[in-house]
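Some notes on the structure that comes next.
Numbering (my numbering), first residue to last: 161 to 364.
Laid out in structure tokens, this is it:
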């Protein structure tokens with residue numbers, strides 16, 4: 161059965177060399193991986209991790225931008241996976257995308273280019289039922305300041321998975337399933353996550 165599908169891992173690899181997000185004087189926590197126990201000394205190995213909730217490929221809960229926004233644990237497990245609606249920005253949402261009952265909205269910006277969309281287009285995207293949006297690349301709202309896209313997602317009560325590995329994301333086809341698996345953290349603004357797309361292979 162597994163041979164009938166191909167898998168695309170859209171997750172960035174995390175180690176101590178991963179550059180943290182920074183904006184002005186602000187910087188996310190650096191990713192640190194250090195030895196905690198050793199097989200020779202303790203009989204088993206444990207590594208200590210230090211990172212932020214938004215380190216690497218991650219999911220934002222509304223609480224990431226809203227003081228009283230929902231935290232990560234408000235998103236139900238069944239909302240982390242399912243068929244996706246692929247929208248190639250900036251034009252796809254206006255010209256091609258028609259919501260057809262998919263569980264997740266996948267927004268893809270042009271390669272090496274920020275997608276700038278109108279407030280009306282953003283409103284249309286947020287009017288679709290899915291609680292989870294996945295975005296590859298950078299999206300901005302025309303005429304708005306920094307973080308406007310993220311704030312609108314949060315104000316709509318939706319969750320956002322971002323900072324994908326854009327190379328495999330370019331190969332995501334229109335039809336498939338996506339799986340977004342964060343840690344089961346309670347009361348947090350988000351979590352690093354693993355994002356994988358499953359597509360059915362075309363018979364030769």
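Built from N, CA and C at the ideal position, the CB exists for glycine as well. Computed from a predicted structure; not experimentally measured.
{"Asked": "Taking only three categories from DSSP, how would you classify residue 275?", "Found": "strand"}
{"Asked": "Would the segment 309-319 and the segment 216-231 be scored as touching if the rule is three or more Cβ pairs under 8 Å?", "Found": "yes"}
{"Asked": "State yes or no: is the C-beta of residue 265 within less than 8 Å of the C-beta of residue 293?", "Found": "yes"}
{"Asked": "Between 242, 182, 174 and 277, which lies nearest to residue 192 when the distance is taken from Cα to Cα?", "Found": "174"}
{"Asked": "Could you check which residue in 223, 290, 288 and 339 has the C-alpha nearest to that of residue 347?", "Found": "223"}
{"Asked": "If I follow the unbroken alpha helix (DSSP H) through residue 355, where does it start and stop?", "Found": "Looking at the DSSP string, residue 355 is not in any alpha helix (DSSP H); the run it does join, the beta strand (DSSP E), is 350-360."}
{"Asked": "With H, G and I counted as helix, E and B as strand and the rest as coil, what does DSSP make of residue 190?", "Found": "coil"}
{"Asked": "What are the start and end residues of the beta strand (DSSP E) that includes residue 198?", "Found": "Where residue 198 is concerned, there is no enclosing beta strand (DSSP E), given that its DSSP letter is neither H nor E."}
{"Asked": "Counting only runs of 4+ residues fully inside the segment 248-322, write out the alpha helix (DSSP H) ranges in chain order.", "Found": "252-255, 279-287 and 308-315"}
{"Asked": "For residue 164, write down the residues that DSSP places opposite it in a beta bridge.", "Found": "For residue 164, which the question treats as bridged, DSSP gives no partner whatsoever."}
{"Asked": "Rounding to the nearest angstrom, what Cα-Cα distance links residue 276 and residue 299 in this structure?", "Found": "6 Å"}
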